[in-house]
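Residue numbers (our numbering): 91 to 368. Here is the structure we will look at, set down as structure tokens.
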């Protein structure tokens, strides 16, 4: 369980990025955090890991205050930053050095995950490409079996086949007692993976909704030009015609396009909040 209560944060005195944020995340779900560059995504993640501290309010992760960075807390959480840095160690040496910090670490699982991500090497990790280094860190993080796994832009640096393997691996390792929180602006990489979408912009929470609820309340479709503009949250021309995002008034469930959803919510936040109220 993750909770932000009356959370305020600013990098400079008197200039708050977040103001009185209320947000709760539950175990057993994969959350996708979407936002523009500079919208405050990484700031949230760093407050969860104790790398940054709230200006006021509270942050808790499974009952712990992250700012204390106690060993009892750190062994329950793993954070993968966007830019990973690995030492000049082989896989075995890396495991020997870092695995003891995570009591639930499983070497057999690590080997299995590395195989699924196509990372097989006897070289020192710093000699690998950035993409291979990142896949190693993802596999190691999963093998640590922490109850909370936080990833900041995990697919940056991965090629197309690796992104597919990443999605498949994350889905297969999800458990009821694990919470996975993924921040990205690569919306296509999260398609069919996440359970709940969180969108922030300029430090404001614009959307926090399960995928099935989004599909019930919004309609993503190709329409004729006759639709009234006030009914449409977002529109774009594509090869099939006029793609729109609008309130779902016809019932049924719509297939979600995360990129269009993001553009709709950030471009028309007032209407989006009204649709998802209650």
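Positions of the beta carbon are idealized from the N, C-alpha and C atoms, including for glycine. All of these numbers come straight from a predicted model, not from anything done at the bench.
Under 8 Å between C-beta atoms of residue i and residue j
| i | j | result |
| --- | --- | --- |
| residue 120 | residue 170 | no |
| residue 270 | residue 301 | no |
| residue 294 | residue 274 | no |
| residue 107 | residue 133 | yes |
| residue 363 | residue 334 | no |
| residue 151 | residue 94 | no |
| residue 167 | residue 284 | no |
| residue 272 | residue 122 | yes |
| residue 417 | residue 226 | Residue 417 lies beyond the stretch modelled for the chain, which goes from 91 to 368, so this question has no answer here. |
| residue 353 | residue 344 | no |
Whole-angstrom distance between residue j and residue i, CA atom to CA atom
| i | j | result |
| --- | --- | --- |
| residue 327 | residue 128 | 27 Å |
| residue 217 | residue 245 | 20 Å |
| residue 251 | residue 298 | 30 Å |
| residue 350 | residue 159 | 38 Å |
| residue 176 | residue 232 | 16 Å |
| residue 356 | residue 289 | 8 Å |
| residue 114 | residue 183 | 38 Å |
| residue 117 | residue 266 | 6 Å |
| residue 181 | residue 224 | 13 Å |
| residue 124 | residue 277 | 8 Å |
| residue 369 | residue 173 | Since the first residue of the chain shown is 91 and the last is 368, residue 369 is not available in this structure. |
| residue 131 | residue 103 | 20 Å |
| residue 197 | residue 359 | 46 Å |
| residue 210 | residue 366 | 46 Å |
| residue 348 | residue 186 | 40 Å |
| residue 291 | residue 165 | 31 Å |
| residue 157 | residue 195 | 24 Å |
| residue 162 | residue 193 | 11 Å |
Residue nearest to residue i in terms of C-alpha spacing, selected from the options
| i | options | result |
| --- | --- | --- |
| residue 97 | 143, 126, 323 and 166 | 143 |
| residue 368 | 177, 225, 307 and 349 | 307 |
| residue 201 | 100, 146, 234 and 109 | 234 |
| residue 325 | 309, 340 and 339 | 309 |
| residue 331 | 123, 125 and 313 | 313 |
| residue 208 | 222, 146 and 130 | 222 |
| residue 236 | 204, 263, 220 and 126 | 263 |
| residue 190 | 253, 230 and 260 | 230 |
| residue 296 | 188, 336, 279 and 361 | 361 |
| residue 146 | 101, 259 and 163 | 101 |
| residue 199 | 259, 99 and 341 | 259 |
| residue 253 | 261, 238 and 279 | 279 |
| residue 212 | 220, 178 and 154 | 178 |
| residue 153 | 329, 238 and 341 | 238 |
Simplified DSSP assignment, three categories, for residue i
| i | result |
| --- | --- |
| residue 274 | strand |
| residue 310 | strand |
| residue 205 | helix |
| residue 300 | strand |
| residue 102 | strand |
| residue 346 | coil |
| residue 229 | helix |
| residue 242 | strand |
| residue 181 | helix |
| residue 195 | coil |
| residue 333 | strand |
| residue 288 | strand |
Nearest-angstrom beta carbon gap, residue j and residue i [assumed within contact, 8 Å]
| i | j | result |
| --- | --- | --- |
| residue 322 | residue 304 | Not confirmed; about 16 Å, so no contact. |
| residue 206 | residue 255 | 6 Å |
| residue 92 | residue 138 | 6 Å |
Distance cut-off 7 Å: residue i Cβ against heavy atoms of the ligand ADP
| i | result |
| --- | --- |
| residue 247 | This structure does not include the ligand ADP; it has no bound ligands of any sort. |
Min CB distance residue i to chain B below 8 Å
| i | result |
| --- | --- |
| residue 350 | Included in the structure is just one protein chain, with no chain B present. |
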